[in-house]
Each structure stands twice: as C-alpha cells, then as structure tokens.
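Trainee:
Numbering (my numbering), first residue to last: 1 to 182.
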C-alpha cells in the first residue's frame, strides 16, 4: 500500500482538500528537455507546457514537456520586443489547445507551465503570481540552471514542490514513457 503522507502535508500547507502535489515525479529525459527548451531562449524567457498524470492518492508524474514559443507581445512603452521578453512570457492559446488535445487523446492531463527567469532566481515573481493559472504547477528555471517547482494556490499563494527523478516501469507506461501517458 502506498503512503499518503505527502497528501497530508500538502493539505495542511494549503488548507484545502488535498489536491496540490507535494512531490513531482519525472525522469531524466523530461528534465533534459526542460533545461534545453528553457535555456536555449536566453536572454529571453523560454516556456513550455507540462503534461502528465494527476492523482489525489499518489505523487504527480510529469511525462511530457511541450516546448512553446514565447508569444509575449511588446507594448507601446517598451523600447524593444526583446527587453519585454527577457522578463515576460505568454503561450499562444492555439498552442495550448493543441497540447490539450494531444494530452486528452493519451489520457493525460495538463499539469501546468514551465518558464525561465534568465536573469533572476527560480522564485515566482509577482507577475508570475498575478498571471499564473491558480491551482496549477509552475516550474521555473533560473539563468544559472536551477530548476524549482511551485504550486500556485487558489489565492495565488505559492508552495514549493519537491521534484524527484524516477525510472518508470515500462510495463505501466509503455516504451515511450516520456511522451505517452497511456
């Protein structure tokens, strides 16, 4: 029988019915894709969608990283598009829909978003907290390569999540465990 201690800690931290993960499982291939797709955009922010399995009784599993283009639009006050994209990102809704359809066909769920902070730490910024989708996972990569996971709560409070790498049972997940949920 699997331990549910991580659920108790998560519920106590957030103060709601256990929903937020306190542990995120992934493998080295997903981490490699995350570091590459977020780091290659430097000095701009990189971004990606996170796809996997959500479970109320077990740690979440990140199985797919869906790299996205930074679709942040420059505003009239900005001197250059690059200046804005160094500290902001946006994901094209069409890209989100494509990823959601892909995930649904494979019985996966959208877990959240990953992005980089090229010049700052892997802590969620005020902008991240304001614009992030509540009750979702947020992975942030710093310019120094540190990767941290966060849960953005219902009231936009942030909670750290532990990332653990794991070798998945190929019998349960198939040969392409990183790109397929079922």
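Each residue gets a CB set at the ideal place from its N, CA and C atoms; glycine is no exception.
Can you check which of these residues, 157, 89, 140, 145, is closest to residue 134 by C-alpha distance?
Mentor: With distances taken between Cα atoms, residue 134 lies closest to 157.
Trainee: Using DSSP bridges, identify the partner residues of residue 41.
Mentor: According to DSSP, which records beta bridges pairwise, residue 41 is partnered with nothing at all.
Trainee: Take every Cβ of the segment 37 to 44, pair it with every Cβ of the segment 91 to 100, and state whether three or more of those distances are shorter than 8 angstroms.
Mentor: No, they do not touch.
Trainee: Along the alpha helix (DSSP H) that carries residue 126, what are the first and last residues, could you check?
Mentor: Start and end: 126 to 131.
Trainee: Report the option in 20, 36, 19 whose CA atom is closest to the CA atom of residue 116.
Mentor: Checking every option, the nearest Cα to that of residue 116 belongs to 36.
Trainee: Cutting at 6 angstroms between CB atoms, please list the residues of its own chain near residue 1, excluding the five before and the five after it.
Mentor: Note that residue 1 has pLDDT 39, beneath the 50 cutoff, so the model's placement of it is unreliable and no number is given.
Trainee: Using the C-alpha atoms, what's the distance from residue 101 back to residue 31?
Mentor: C-alpha separation (whole angstroms): 23 angstroms.
Trainee: Along the alpha helix (DSSP H) that carries residue 95, what are the first and last residues, could you check?
Mentor: 93 to 105 is the extent of the alpha helix (DSSP H) around residue 95.
Trainee: Quick check: what's the CA-CA separation for residue 123 versus residue 105?
Mentor: When rounded, the distance between both Cα atoms is 33 angstroms.
Trainee: State whether the segment 106 to 113 contacts the segment 130 to 150, with contact taken as three or more CB pairs (one from each stretch) at a distance under 8 angstroms.
Mentor: These segments touch.
Trainee: On the DSSP letters alone, give me the boundaries of the beta strand (DSSP E) that residue 150 sits inside.
Mentor: Looking at the DSSP string, the run of the beta strand (DSSP E) that includes residue 150 is 147 to 152.
Trainee: Excluding five sequence neighbours on each side, which residues of the same chain lie with their C-beta closer than 6 angstroms to the C-beta of residue 148?
Mentor: The residues are 122, 140.
Trainee: Please return the same chain residues whose Cβ sits closer than 7 angstroms to the Cβ of residue 54, not counting the five positions on each side in sequence.
Mentor: Same-chain partners within the cutoff: 60, 109, 111.
Trainee: Using C-beta distances below 6 angstroms, list every residue in its chain close to residue 96, excluding the 5 sequence neighbours before and after it, in chain order.
Mentor: Cβ within range, chain order: n/a, list empty.
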